[in-house]
Amino acid sequence: YPNGIATSADEKKLYVSTGSGLGIVSIDLSTKEMKPVSHSRFLVIALDGLYRYGNKLIGVQNSFFPEAVLQFDLSSDGTRIDHISFLASNDPAFDVPTTGVVAGNEFYFIANSQLFQLIGNKGKIKDPAKLKDTQIMKIKLN
Numbered sequence: 123y124p125n126g127i128a129t130s131a132d133e134k135k136l137y138v139s140t141g142s143g144l145g146i147v148s149i150d151l152s153t154k155e156m157k158p159v160s161h162s163r164f165l166v167i168a169l170d171g172l173y174r175y176g177n178k179l180i181g182v183q184n185s186f187f188p189e190a191v192l193q194f195d196l197s198s199d200g201t202r203i204d205h206i207s208f209l210a211s212n213d214p215a216f217d218v219p220t221t222g223v224v225a226g227n228e229f230y231f232i233a234n235s236q237l238f239q240l241i242g243n244k245g246k247i248k249d250p251a252k253l254k255d256t257q258i259m260k261i262k263l264n
C-alpha cells in the first residue's frame with residue numbers, strides 16, 4: 123500500500139511510505155533493491171504522503187492517533203531515521219489531514235480532508251450538512 127513517494131537529495135533513491143510492516147522503504151533506482159528505512163525504536167507506518175526537505179522526510183499521519191505532521195531526520199547516507207519530530211499534532215482543525223507540498227521552507231497540507239464523510243468508493247457523502255470549508259495549513263520548516 124504505497125502512499126507517498128519522495129526522491130533522495132541525490133535523486134538516486136526513492137523513499138516510499140507503505141502501509142505494510144516495512145514502513146518507509148528506499149528503492150535504489152539503479153539496482154531496484156528495496157530496503158526499510160527504519161528508526162531504532164519506533165515503527166513508522168501508513169503515512170499519507172511523504173515529502174523530502176533537505177535530508178529530512180515530512181509525512182502526514184492520519185491512520186493512527188494522534189493525527190500529525192511528522193519530520194524524519196535521516197542519517198547522512200539516508201538509510202535510517204535518526205530522529206522523529208512532531209511538527210503539528212492533534213490540532214483542533216484536523217479532520218483526517220492529508221496531501222501536502224513543500225514550497226521553499228514551508229509545508230502546506232490539507233488539514234481537514236473529511237475523508238470519513240465518504241461512503242466507500244461510491245462518491246456519496248454521509249452528511250453533506252456537516253462538511254466544512256477545506257483548510258490548508260502551513261508549517262515553517264527548519
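First residue of the sequence shown? That's 123 in the working numbering, and the numbers climb one at a time after it.
We put the beta carbon where it would ideally sit given N, CA and C, even for glycine.
- Excluding the 5 residues flanking it on each side, Y175 has same chain C-beta neighbours closer than 7 Å at V224, L263, in chain order.
- Shown here, A131 sits in coil according to DSSP, grouped into three states, outside any helix or strand.
- When DSSP states are grouped into helix, strand and coil, F238 belongs to the helix group.
- P219 is positioned such that its CB atom lies closer than 9 Å to that of V182.
- For A190, the three-state secondary structure derived from DSSP is strand.
- In this structure, the alpha-carbon of I167 lies about 6 Å from that of G141.
- Restricting attention to V159, I232, I146, D170, the CA atom closest to the CA of S198 is found in V159.
- With a beta-carbon spacing of about 3 Å, G222 and F231 fall inside the 8 Å limit used to define contacts.
- Residues of the same chain with a CB within less than 8 Å of the CB of D249, apart from the 5 flanking positions on each side, are Q239 in chain order.
- Rounded to the nearest angstrom, the gap between the Cα atoms of F164 and G242 is 31 Å.
- Residue pairing for G222: DSSP places it in a beta bridge opposite F231.
- N234 counts as buried, since no fewer than 16 other beta carbons sit within 10 angstroms of its beta carbon.
- Burial check for K135: the Cβ neighbour count within 10 Å reaches 16 or more, so the residue is buried.
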